[in-house]
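So in full-length UniProt numbering, spot 190 of the sequence shown is number 190, and the numbers just go up one at a time. Here is the structure we will look at.
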Amino acid sequence: MDSSGNFIIKAKYPVSAQDTANGIKKLVDLIISQEKENREKIDLPKIENLRVSIDYEEFDDPKNGIKSYLIKKHLKAGTEPETAKVWTIVFQNQKEIDIETFLDLSGDMDLQVTKLLSQHAMRQNKKMDKNLLDQGLGLYYLAADGKTLDPKKFHGDGYLFASNLQNFVVEDSGFTFYFDSGAIAPNSEGVQKIHLTREQLKPFLRP
């Protein structure tokens with residue numbers, strides 16, 4: 001725990017035999033460092049009971065020797081609603097791996113997987129607002145052809161749909177993708193997750 005006046009940080013994180021490069025500790029240290037820098041930029045006396053807590057969940061895919069960790073940062077400032085941000089770290093054979101270890105995202109594959117996420121999010125959470133979901137996933141900015149960006153909606157060089165897939169964990173049942181609170185649903189709904197089975201992802205799985 002690190003405390004300075006009305007600003008308190010509490011962190012809990014795992015120590016994993018798979019994490020030979022201490023990637024988890026480095027990530028948590030970076031999160032804490034960034035929070036301290038952020039606090040220096042604001043007037044702390046105007047914020048009561050500022051609390052940051054970091055915790056984690058772990059997931060196993062023993063058949064493939066994969067261990068995944070979900071790191072969550074919760075921030076509570078006074079009477080404001082809590083916000084949460086997520087990171088994931090996935091290990092196999094004592095190496096940190098990313099989603100492209102499993103999925104072929106060449107061409108427009110990242111867009112196709114994003115569309116799959118949208119479809120299954122609506123099925124898995126009946127309260128999900130499709131407009132907010134598709135804005136968060138970037139699908140809202142597509143033109144009528146469903147492939148290119150509509151310049152009237154999106155003012156930029158391009159949209160990285162692969163960014164929707166960066167926070168994931170692996171289990172026997174498949175892949176679960178995680179999103180910060182407020183990213184694809186109202187902040188009050190908290191961290192969101194969308195699960196896709198290996199069968200659902202079969203067209204994109206690497207051999």
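Positions of the beta carbon are idealized from the N, C-alpha and C atoms, including for glycine. The structure displayed is predicted, hence computed values, not measured ones.
Could you give the distance in angstroms between the alpha-carbon of residue i and the alpha-carbon of residue j?
i    : j    : result
Y13  : A162 : 27 angstroms
D29  : R198 : 33 angstroms
T114 : L137 : 7 angstroms
V170 : F102 : 10 angstroms
L27  : A183 : 21 angstroms
D98  : P203 : 18 angstroms
A21  : F91  : 11 angstroms
I32  : A144 : 43 angstroms
D150 : L111 : 15 angstroms
L105 : I24  : 26 angstroms
I54  : F179 : 16 angstroms
K127 : T148 : 28 angstroms
L133 : A185 : 6 angstroms
N187 : K193 : 13 angstroms
G71  : A77  : Checking the displayed sequence, the identity of residue 71 turns out to be Ile instead of Gly. Distance between the alpha carbons of I71 and A77: 20 angstroms.
G190 : V15  : 26 angstroms
Looking at the strands, I want to know which residues DSSP matches up with residue i.
i    : result
E171 : G174
I194 : F177
L142 : L149
L205 : L103
D97  : Sequence inspection shows Ile at residue 97; the Asp mentioned does not correspond to that position. In DSSP, I97 forms a bridge with V90.
D61  : I66
Assuming residue i is part of the alpha helix (DSSP H), what are its boundary residues?
i    : result
H120 : M109 to Q124
K26  : G23 to E40
What are the boundary residues of the beta strand (DSSP E) that includes residue i?
i    : result
Q135 : Here Q135 belongs to no beta strand (DSSP E); instead the alpha helix (DSSP H) covers K130 to L137.
Q166 : No beta strand (DSSP E) holds Q166; DSSP gives it neither H nor E.
V15  : Neither: V15 is in no beta strand (DSSP E) and is coded neither H nor E.
S68  : I66 to A77
F91  : T83 to Q92
* **Three-pair Cβ contact test at 8 angstroms for the segment 109-120 versus the segment 48-65** => No, they do not touch.
* Pair every Cβ in the segment 140-160 with every Cβ in the segment 80-90, then say whether three or more of these pairs are closer than 8 angstroms. => No, the segment 140-160 does not touch the segment 80-90.
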